[in-house]
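In the numbering used here, the protein residues as written are 5 to 425.
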């Protein structure tokens, strides 16, 4: 009987090391998994303590149901579906030309714009009826997978129709009709802002900025009285940028951490560390929404993605974290634009009462405004520039460079609103 030769000691030692490394990796994986679950439970407990949902079913219930006859979203969708596009409308600003702003509505285009509005009378009637309703829920079931889309893809068509209506009525000298059109545009923006998706929140910021810009153009073209100015100021305030961002962040967390679906970037052991980084970032962002401007804006900008290290095991998870971080800048700009419009409305009320512009924004307080808000991107209050026949109110913007409120922009990253008289 032949005896088996013993393994060389060197080979036996190498095998033992490999077994030891494998055991350590298994133990490390179990430890990371336990740590990740503990972090997720901690986040879930915090969410529940704030009344936030922690499942798709709870998220769907959190997006409050609205009876059909009270649902502004359904009427806005009906307005979109009722829109028609005559061939000659493609050259109109807001519609097909790609241009935007009341100054693009030349005398030659005004008859075409009037005909376009007449052709879309039914859509405008539905949009104005929707503006009179306070509540909105778009027809989606958030407990389903794949992730539902709230049919907002072509939604800006409704806003552009209302912007054009405001421009035409202002050109006709009808301040009341222009005010009503802008109120409806703000109401549409509010309905989108209530939709609990990050994509909807970002779209609402775009709609808010567009409607504010159109409002400034209308103020340059037609005189509004104090009541009409108050209506516009209240309509813009009702968009609630802070709450929109909070809702979007909460729903993103529920989709990422509390939904079991194929393709979830945080599902599986490879994404455990990224999952915790995401959780910490989202909690920090959500907590910032409890602050008021300008403190919220300053806190949003203070957050640095480097504070939330990523393992980069899974690129989708990394992308989601970075997207959540980058979206905060859009929200900060939206908050600043809302401030600027509030100041524009207040300056116009001052001008009506005093028959002159203020020399500086501080003259508005305390009679016309409780206090002049501070520019979250700069030092002190927003800037006020009076030029021949016009004035600008502006923020220095994210880059902090003061370009003296030049609406053309130049090299500056300013946020500017201008009114011409």
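Every residue gets a Cβ at the ideal spot worked out from N, C-alpha and C, and that includes glycine.
Might you give, ordered along the chain, the residues of its own chain that have their beta carbon closer than 8 Å to the beta carbon of residue i, omitting 5 neighbours on each side?
i           : result
residue 200 : 63, 66, 67, 146, 251, 252, 254, 255
residue 172 : 109, 114, 117, 118, 121
residue 382 : 399, 400, 404, 406
residue 84  : 127, 158, 159, 161, 162
residue 168 : 96, 97, 98, 99, 109, 117, 120, 121
Should residue i be labelled buried (16 or more other beta-carbon atoms within 10 Å of its own) or exposed?
i           : result
residue 327 : exposed
residue 75  : buried
residue 380 : buried
residue 298 : buried
residue 390 : exposed
residue 5   : Reliability of the predicted coordinates at residue 5 is poor, the pLDDT of 49 falling under 50, and the value obtained from them is presented with this limitation in mind. It counts as exposed.
residue 38  : exposed
residue 136 : exposed
residue 421 : buried
residue 335 : buried
residue 275 : buried
residue 246 : buried
residue 359 : exposed
residue 374 : exposed
residue 34  : exposed
residue 386 : buried
residue 482 : This structure cannot settle anything about residue 482, because the visible part of the chain is limited to 5 through 425.
residue 24  : exposed
residue 177 : exposed
residue 208 : buried
Whose CA, out of the options, lies closest to the CA of residue i?
i           : options            : result
residue 89  : 33, 48, 404, 123   : 123
residue 230 : 351, 400, 166, 93  : 351
residue 332 : 361, 399, 292      : 292
residue 206 : 39, 361, 249, 305  : 249
residue 57  : 257, 387, 386, 305 : 257
residue 283 : 42, 32, 220        : 42
residue 148 : 33, 344, 259       : 259
residue 397 : 417, 143, 365      : 365
residue 77  : 92, 192, 239, 164  : 192
residue 142 : 358, 72, 340       : 72
residue 180 : 196, 202, 226      : 226
residue 243 : 217, 196, 337      : 196
residue 344 : 376, 359, 358, 304 : 376
residue 79  : 94, 112, 91, 126   : 126
residue 52  : 101, 370, 262      : 262
residue 395 : 70, 221, 294       : 221
residue 93  : 50, 240, 161       : 161
residue 112 : 175, 144, 311      : 175
residue 239 : 26, 30, 138, 100   : 138
residue 378 : 356, 300, 323, 329 : 300
residue 69  : 144, 87, 91, 95    : 144
residue 290 : 19, 219, 329       : 329
residue 338 : 402, 372, 371, 388 : 402
residue 218 : 30, 166, 204       : 166
Skipping 5 residues on each side, what residues in its chain have a beta carbon closer than 7 Å to that of residue i?
i           : result
residue 237 : 346, 349
residue 183 : 228, 232, 235, 236
residue 362 : 351, 354, 368
residue 48  : 58
residue 341 : 212, 213, 216, 419
residue 2   : Lying before the first or after the last residue shown, residue 2 is absent from the chain, which here runs from 5 to 425.
residue 82  : 130
residue 305 : 336
Leaving out five residues on either side along the sequence, give the residues of the same chain with a beta carbon under 6 Å from the beta carbon of residue i.
i           : result
residue 307 : 288
residue 46  : none
residue 103 : 97
residue 214 : none
residue 198 : 140
residue 302 : 380
residue 163 : 189, 192, 211
residue 224 : 423, 424
residue 159 : none
Taking 7 Å as the cut-off, is the beta-carbon of residue i closer than that to any non-hydrogen atom of the ligand SAM?
i           : result
residue 402 : As far as ligands go, the structure on display features none, and thus does not contain the ligand SAM.
Stretch-stretch touch, CB-based, cutoff 8 Å, three pairs: the segment 178-192 with the segment 132-144 = yes
Of all the beta strand (DSSP E) runs that stay within the bounds of the segment 289-349, which reach a length of 3 or more residues?
-> none
Mind the definition here: the segment 107-116 touches the segment 48-62 only if three or more C-beta pairs lie below 8 Å; say whether that holds.
-> no
Which ranges does the beta strand (DSSP E) cover as unbroken runs of at least 3 residues, wholly within the segment 115-173, from first to last along the chain?
-> none
Runs of alpha helix (DSSP H) lying entirely within the segment 58-100, each at least 4 residues, in chain order | 60-66, 76-86
Tell me the start and end of each unbroken alpha helix (DSSP H) in the segment 203-241 that is at least 4 residues and wholly inside, in chain order.
-> 230-241
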